[in-house]
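The listed protein sequences derive, respectively, from chains C and A. According to numbering that gives the first Met the number 0, the first sequence is numbered sequentially starting from 0. According to numbering that gives the first Met the number 0, the second sequence is numbered sequentially starting from 0. No residue lacks a Cβ here, since even glycine has one placed at the ideal position from N, Cα and C. Please read these numbers as outputs of a predicted model, since none were measured by experiment. Worksheet for the structure shown next.
2 protein chains.
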Amino acid sequence: MAGIKDVAERAGLSIATVSRALSGKGPVSSRSRERARAAAAELGFVPSYHASSLASGRNHNIGVVVPSVHRWYFSSVMEGISATLIDAGYDLTLYNVSEGPKHRHSVLNDFLLRKRVDGVIAVALKLSEAEIRKLLAVHRPIVGIGGTLPGAASIRINDFDLAADATNHLIQLGHTRIAHLTGGSAYEQDFELPGTRQRGYEKAMRDSGLAVRPGWHIPADFTIQGGYASARALLGSTAERPTAIFAASDEMAIGAILAARDFGLRIPYDLSVIGFDGHELGEVFGLTTIDQGARDQGSLAVNMLLSGLEGDAGHVAAEAEYPAKFLIRSSTAVPPEDSPRTRH
Amino acid sequence: MAGIKDVAERAGLSIATVSRALSGKGPVSSRSRERARAAAAELGFVPSYHASSLASGRNHNIGVVVPSVHRWYFSSVMEGISATLIDAGYDLTLYNVSEGPKHRHSVLNDFLLRKRVDGVIAVALKLSEAEIRKLLAVHRPIVGIGGTLPGAASIRINDFDLAADATNHLIQLGHTRIAHLTGGSAYEQDFELPGTRQRGYEKAMRDSGLAVRPGWHIPADFTIQGGYASARALLGSTAERPTAIFAASDEMAIGAILAARDFGLRIPYDLSVIGFDGHELGEVFGLTTIDQGARDQGSLAVNMLLSGLEGDAGHVAAEAEYPAKFLIRSSTAVPPEDSPRTRH
DNA sequence: TTTATGGCTGCAAACGTTTCCACTCCGCCG
DNA sequence: CGGCGGAGTGGAAACGTTTGCAGCCATAAA
Numbered sequence: 000m001a002g003i004k005d006v007a008e009r010a011g012l013s014i015a016t017v018s019r020a021l022s023g024k025g026p027v028s029s030r031s032r033e034r035a036r037a038a039a040a041e042l043g044f045v046p047s048y049h050a051s052s053l054a055s056g057r058n059h060n061i062g063v064v065v066p067s068v069h070r071w072y073f074s075s076v077m078e079g080i081s082a083t084l085i086d087a088g089y090d091l092t093l094y095n096v097s098e099g100p101k102h103r104h105s106v107l108n109d110f111l112l113r114k115r116v117d118g119v120i121a122v123a124l125k126l127s128e129a130e131i132r133k134l135l136a137v138h139r140p141i142v143g144i145g146g147t148l149p150g151a152a153s154i155r156i157n158d159f160d161l162a163a164d165a166t167n168h169l170i171q172l173g174h175t176r177i178a179h180l181t182g183g184s185a186y187e188q189d190f191e192l193p194g195t196r197q198r199g200y201e202k203a204m205r206d207s208g209l210a211v212r213p214g215w216h217i218p219a220d221f222t223i224q225g226g227y228a229s230a231r232a233l234l235g236s237t238a239e240r241p242t243a244i245f246a247a248s249d250e251m252a253i254g255a256i257l258a259a260r261d262f263g264l265r266i267p268y269d270l271s272v273i274g275f276d277g278h279e280l281g282e283v284f285g286l287t288t289i290d291q292g293a294r295d296q297g298s299l300a301v302n303m304l305l306s307g308l309e310g311d312a313g314h315v316a317a318e319a320e321y322p323a324k325f326l327i328r329s330s331t332a333v334p335p336e337d338s339p340r341t342r343h
Numbered sequence: 000m001a002g003i004k005d006v007a008e009r010a011g012l013s014i015a016t017v018s019r020a021l022s023g024k025g026p027v028s029s030r031s032r033e034r035a036r037a038a039a040a041e042l043g044f045v046p047s048y049h050a051s052s053l054a055s056g057r058n059h060n061i062g063v064v065v066p067s068v069h070r071w072y073f074s075s076v077m078e079g080i081s082a083t084l085i086d087a088g089y090d091l092t093l094y095n096v097s098e099g100p101k102h103r104h105s106v107l108n109d110f111l112l113r114k115r116v117d118g119v120i121a122v123a124l125k126l127s128e129a130e131i132r133k134l135l136a137v138h139r140p141i142v143g144i145g146g147t148l149p150g151a152a153s154i155r156i157n158d159f160d161l162a163a164d165a166t167n168h169l170i171q172l173g174h175t176r177i178a179h180l181t182g183g184s185a186y187e188q189d190f191e192l193p194g195t196r197q198r199g200y201e202k203a204m205r206d207s208g209l210a211v212r213p214g215w216h217i218p219a220d221f222t223i224q225g226g227y228a229s230a231r232a233l234l235g236s237t238a239e240r241p242t243a244i245f246a247a248s249d250e251m252a253i254g255a256i257l258a259a260r261d262f263g264l265r266i267p268y269d270l271s272v273i274g275f276d277g278h279e280l281g282e283v284f285g286l287t288t289i290d291q292g293a294r295d296q297g298s299l300a301v302n303m304l305l306s307g308l309e310g311d312a313g314h315v316a317a318e319a320e321y322p323a324k325f326l327i328r329s330s331t332a333v334p335p336e337d338s339p340r341t342r343h
């Protein structure tokens, strides 16, 4: 393996000059620059990552902590993050802590403290203040996505208002019996948005003087399967049936649509369904939803991080609210005229 | 930031001893070990990643190259890889090249050559021999998943035989008019398995003397949306309708089921559908499929890589075939008795 | 008592860059 | 015409570990 020394020899230059020529930092005559480049190319020289990081203190590496890489929202964000990082010439070190608290703990207290990343993006992770403090002590910038980080920058959507908007959309159509599919408790551990969206739903209901029936916000786990199972239970029950469902994720909404079909309910005539997220699959089902642009949020997070890294402003802009788009398709309509059968 | 020097001073030991004590390599008296540990803990010492990598030549970091992190198969494999790596104390550097050839090229010819990873896992990527040669020159082990890598280790399932099995399952049920949903051409660029599965399908058909009608293997793009669109086109056409569909992915199979429902076809009475992969969602649809244990393949790849790294065997075991499981659920049955209407 | 043995230990040399500093030119301004 | 500044260069000191080597001191064997 050729080192910078070999390049210097071959180019007839000093190591220092070659380093400057290849990195683009510092003044180098164009003649020297050419020579250095040529020699490096001939030798197939690639600078040692560790040596240069050690000497410069810059890693060109961003750590990303996610609760799962398998679910739609996270992999969407990841796509945005990874594409933007590659373009910027940065590595992306992935810490997927889906295996539970053990991994979460070792990542936060071991892996991430070894100063091998220049910054951290935490996706939908509720970090404690102590955890943030420790991270900030080692890495300049941290940005959170989908959840505020006390003391660090973050980018998020307004889950509360948007959930209220979604609910209001149904209310304005004339619905009064609106159920809500939300996150399960296991999910919640590290993740505040299910709760936030649920509160948005409750507020909209209350503001319109509508009852939030206890049986009508149902934990699912944000997946199609979960939404399907919960909606089956809901729609199959002998109690009065809702005329609309607001699901806190598109996946659960799709599950609800599938369940409704099982019962022969036509969407949107017998049942309106609105989701939340902007899942590509929503198109197939004509799902009305709120598109939160997960992918773009990832890109944005990277840009925030990198600008805070390059500019020595030290800390990154405090908090950015990402504008979500209301997407009205064909899964929501006015409620059925005949107040549907009230069994029993 | 405390360095090893500070720890040594505090513990009243030499730097060398502290290093050995903390890393566990080399002989250290238990008394020294205790002292070193205590001092390190008190100072909150975390060894510098780059310095130790530079000195030791070991990175404790694996590079993973994937064509996408957003689709089911890849994110499943990633889950397995990431969990196993964290347990082993390794970092995972993710190179997601879904953005196309530009990223693919810079990752393979730039990012990965800077010796910052100890090994590479390439998922479903068709690497050229030249690319593999360059990688092997820098990193000892490389293992591929879901695609053979000439000259490197790989772990894969037997796509050809399994696709034939799936097709034969339908044939044995009595089906003769069997359509196949396969990958699209854009997808194919870097990925050999759609073609392989298609050839398995064709072989099984030929072996049973059945016609492979040109209009009946249809490109989709491995997604639910793609499968849905293709199946709609297929089932809605005026031509003779197949009684069974073999989809090269579960997602496409699910799309086909949704499309069939649109046409009022009952699964499996009017139409049998078999998938391929082991997608969790298959359960909801009662999808008969071949579970290829994507997640476990990821774990296995890591173990192969790490054992080739720790043992200085140099190269990793050549090629492992992962056993897939045939999962018969309720989406396949004997074909309808009345040879269904042949329109036109 | 002497000599081998072997576990512990510390010194110092890597590892391969980046970057500070000092130095030499050269052109330009006063 | 002298001094000044700035571009270009090279030497050498970091950066913070790991590890080869050699020395040391017990203990066991002769």
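Buried or exposed by the 16-neighbour rule on C-beta atoms within 10 Å, applied to residue i
i: residue 224 of chain C; result: buried
i: residue 142 of chain A; result: buried
i: residue 281 of chain C; result: buried
i: residue 170 of chain C; result: buried
i: residue 85 of chain C; result: buried
i: residue 230 of chain C; result: buried
i: residue 266 of chain C; result: buried
i: residue 288 of chain C; result: buried
i: residue 221 of chain A; result: buried
i: residue 354 of chain C; result: No statement about residue 354 of chain C is possible, as the shown extent of chain C runs from 0 to 343 and does not include it.
i: residue 261 of chain C; result: exposed
i: residue 325 of chain C; result: exposed
i: residue 237 of chain A; result: exposed
Beta-carbon contacts of residue i that lie in its chain and below 6 Å, excluding the five residues immediately before and after
i: residue 163 of chain A; result: 199, 202 and 203
i: residue 121 of chain C; result: 64 and 143
i: residue 138 of chain A; result: 118 and 119
i: residue 44 of chain C; result: 1 and 6
i: residue 312 of chain A; result: Because the pLDDT of residue 312 of chain A is 49, which lies under 50, any placement of that residue in the model is unreliable, and the number read from its coordinates should be weighed accordingly. Result list for residue 312 of chain A: empty, nothing under 6 Å.
Other residues of its chain near residue i: CB distance less than 7 Å, five sequence neighbours each side excluded
i: residue 38 of chain A; result: 6, 9 and 10
i: residue 72 of chain C; result: 276 and 293
i: residue 245 of chain C; result: 165, 166, 169, 177, 179, 200 and 273
i: residue 305 of chain C; result: 87
i: residue 19 of chain C; result: 25 and 27
i: residue 134 of chain A; result: 111, 119 and 141
Rounded C-alpha distance that separates residue i from residue j
i: residue 3 of chain A; j: residue 52 of chain A; result: 15 Å
i: residue 40 of chain C; j: residue 99 of chain A; result: 25 Å
i: residue 296 of chain A; j: residue 159 of chain A; result: 18 Å
i: residue 101 of chain C; j: residue 110 of chain C; result: 13 Å
i: residue 67 of chain A; j: residue 268 of chain C; result: 38 Å
i: residue 55 of chain A; j: residue 108 of chain A; result: 24 Å
i: residue 208 of chain C; j: residue 323 of chain A; result: 55 Å
i: residue 243 of chain A; j: residue 253 of chain A; result: 13 Å
Neighbour flag for residue i against chain A, beta carbons, 7 Å
i: residue 266 of chain C; result: no
i: residue 187 of chain C; result: Because the pLDDT at residue 187 of chain C is just 49, under 50, the model does not fix this residue reliably, and the value given afterwards should be weighed accordingly. Not closer than 7 Å to any Cβ of chain A, the Cβ of residue 187 of chain C fails to qualify, so no.
i: residue 122 of chain C; result: no
Contacts around residue i, its chain only, beta-carbon distance under 8 Å, and the 5 residues preceding and following it disregarded
i: residue 106 of chain C; result: 64, 94 and 96
i: residue 321 of chain A; result: 154, 155, 156, 291, 292, 295, 296 and 299
i: residue 78 of chain C; result: 294 and 297
Residue from the options whose Cα sits closest to the Cα of residue i
i: residue 290 of chain A; options: A/268, A/218 and A/328; result: A/328
i: residue 161 of chain A; options: A/31, A/30, A/336 and A/248; result: A/248
i: residue 194 of chain C; options: C/70, C/334, C/146 and C/60; result: C/146
i: residue 62 of chain A; options: A/115, A/233 and A/259; result: A/115
i: residue 205 of chain C; options: C/227, C/175, C/256 and C/226; result: C/175
Chain C contact for residue i (CB, 7 Å cutoff)
i: residue 68 of chain A; result: yes
i: residue 139 of chain A; result: no
i: residue 77 of chain A; result: yes
i: residue 115 of chain A; result: yes
i: residue 404 of chain A; result: Outside the displayed span of chain A (0 to 343) sits residue 404 of chain A, for which this structure offers no information.
i: residue 287 of chain A; result: no
i: residue 147 of chain A; result: no
i: residue 329 of chain A; result: no
Distance cut-off 6 Å: residue i Cβ against heavy atoms of the ligand FMN
i: residue 117 of chain A; result: No copy of the ligand FMN occurs in the structure displayed, which carries no ligand at all.
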